[in-house]
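Below is one structure, written out as structure tokens; the observations come after it.
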Amino acid sequence: MPLESKANGEDIRESFPQPMEIIYTCTRGFFTRKQLFKRLPILQWLPSYTLQYLVDDIVAGLSVALTVIPQGMVTQL
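Numbered per the working numbering, the sequence shown spans residues 9 to 85.
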């Protein structure tokens, strides 16, 4: 039977979806504005982030690092 299909000029190849069609289908509800803000919360608070917050965050990060790193080194001994 497959030989007859080829002889009649019919296309017997399978059609596979294009990669962009698959990506679009899988991410259809992902890129709505509501879903984007839900998945990336930084988009909500970054516009109101000030320089003072940055300074406070750096001080907090350094103080935590200066506490946790020596504790980790002592635990290794």
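Idealized CB from N, CA, C, for every residue including glycine. Given the structure is predicted, the values throughout are model-derived calculations rather than measurements.
Between LEU51 and PHE45, the beta carbon gap of about 6 Å places them in contact (Cβ cut-off 8 Å). Linking VAL72 to GLY80 through their CA atoms gives a straight-line distance of about 12 Å. DSSP places THR33 inside the alpha helix (DSSP H), whose first and last residues are 27–34. Counted as a single uninterrupted DSSP element, the alpha helix (DSSP H) harbouring PHE45 occupies residues 41–47.
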